[in-house]
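Asks: Every position in the sequence shown, counted from 1, becomes a number in my numbering once 44 is added.
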Amino acid sequence: MCGRYGRRGDKQRIAEWMQTHNTNVFDEFDEISLAPSFNVAPQSVQPVVRLNGETGGRELTVMRWGLVPYWSKDGKASFSTINAKSETVATSPAFREAWKTRRCLVPADWFYEWQKVDEKTKQPHAIALKNGEMFAFAGLWETWKDKTTGRKLRTYTFLTTDPNELVEPLHNRMPVILHRRDYERWLAPTDPAHLPIDLLRPYPAEEMKVWKVSKAVGNTRNDDPSLIEPLKEIEVNPTPSLFE
Numbered sequence: 045m046c047g048r049y050g051r052r053g054d055k056q057r058i059a060e061w062m063q064t065h066n067t068n069v070f071d072e073f074d075e076i077s078l079a080p081s082f083n084v085a086p087q088s089v090q091p092v093v094r095l096n097g098e099t100g101g102r103e104l105t106v107m108r109w110g111l112v113p114y115w116s117k118d119g120k121a122s123f124s125t126i127n128a129k130s131e132t133v134a135t136s137p138a139f140r141e142a143w144k145t146r147r148c149l150v151p152a153d154w155f156y157e158w159q160k161v162d163e164k165t166k167q168p169h170a171i172a173l174k175n176g177e178m179f180a181f182a183g184l185w186e187t188w189k190d191k192t193t194g195r196k197l198r199t200y201t202f203l204t205t206d207p208n209e210l211v212e213p214l215h216n217r218m219p220v221i222l223h224r225r226d227y228e229r230w231l232a233p234t235d236p237a238h239l240p241i242d243l244l245r246p247y248p249a250e251e252m253k254v255w256k257v258s259k260a261v262g263n264t265r266n267d268d269p270s271l272i273e274p275l276k277e278i279e280v281n282p283t284p285s286l287f288e
């Protein structure tokens, strides 16, 4: 499970990178949601890129992280819907309809994973592309409508798969990261018999990097650039020699 990630890109940078032609603004809080975040947590509102239903072009919009199926009675998402397993996305009641017709790109610059050191200790790591560029998780989105008020809630999740050699020592899953050349295919409407299942694979380990970061990232209230600074290991000096 990937439960935390980060993004340097603001509205303009995301739009340029994802080649969006318009932005879809739902309310006055969206500009805040489109600001950079160094500690994106579940249930927060974040930018995603999808196809516009009318124009067919890419649009940048905001949604809440944690997919709520359209058939949900109360509009609540469980913690387990922040990610969707590639192996079961086509059959899971929560994700199978979105998988068919509502795929999106989730902009990110890195994600976090915690490595178990011992029974009481976990060390957080940041994982990113070696070239430092922004990338996109393979995402799904959904719209839930309150039958009483008519209010609409738009939410998203992203796919996970087996870890590559870089991530495997940290966790048994990793997000599906798409190559830029595959963005168009991932978003495009597709015949049910030709859905892009082959894109749900680990990203090449040789194109990624990992480094230890501060445990401060574990607190969702912390959100600043210091969270992704490489952790400075404390060196234990040997006992000075009497002859030094």
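Cβ coordinates follow ideal geometry from the N, Cα and C atoms, glycine included.
1) Taking only runs of the beta strand (DSSP E) that begin and end inside the region 215 to 257, which ones reach a length of at least 3 residues, in chain order?
2) With residue 140 as the anchor, note down where its alpha helix (DSSP H) starts and where it stops.
3) With distances taken Cα to Cα, identify the nearest neighbour of residue 251 among 214, 172, 191 and 187.
4) So, for residue 204: in the same chain, excluding its five sequence neighbours on each side, which residues have a beta-carbon less than 8 Å away from its beta-carbon?
5) Using only CA atoms, which one of 264, 258 and 272 lies nearest to residue 165?
6) Return the residue from the list 124, 84 and 194 that minimises the CA-CA distance to residue 150.
7) In chain order, what are the residue ranges of uninterrupted beta strand (DSSP E) at least 3 long that sit wholly in the region 92 to 134?
8) In or out: residue 269 buried (at least 16 other Cβ within 10 Å) or exposed?
9) Apart from the five residues just before and just after residue 246, which ones in its own chain have a Cβ nearer than 7 Å to its Cβ?
10) Using CA atoms only, rank isn't needed, just tell me which of 178, 106, 199 and 56 is closest to residue 125.
Replies: Quick look at the numbers:
1) 252 to 256
2) 140 to 145
3) 172
4) 45, 46, 127, 128, 129, 130, 217, 218, 219 and 220
5) 258
6) 84
7) 102 to 109 and 127 to 129
8) exposed
9) 205, 206, 207, 208 and 218
10) 199
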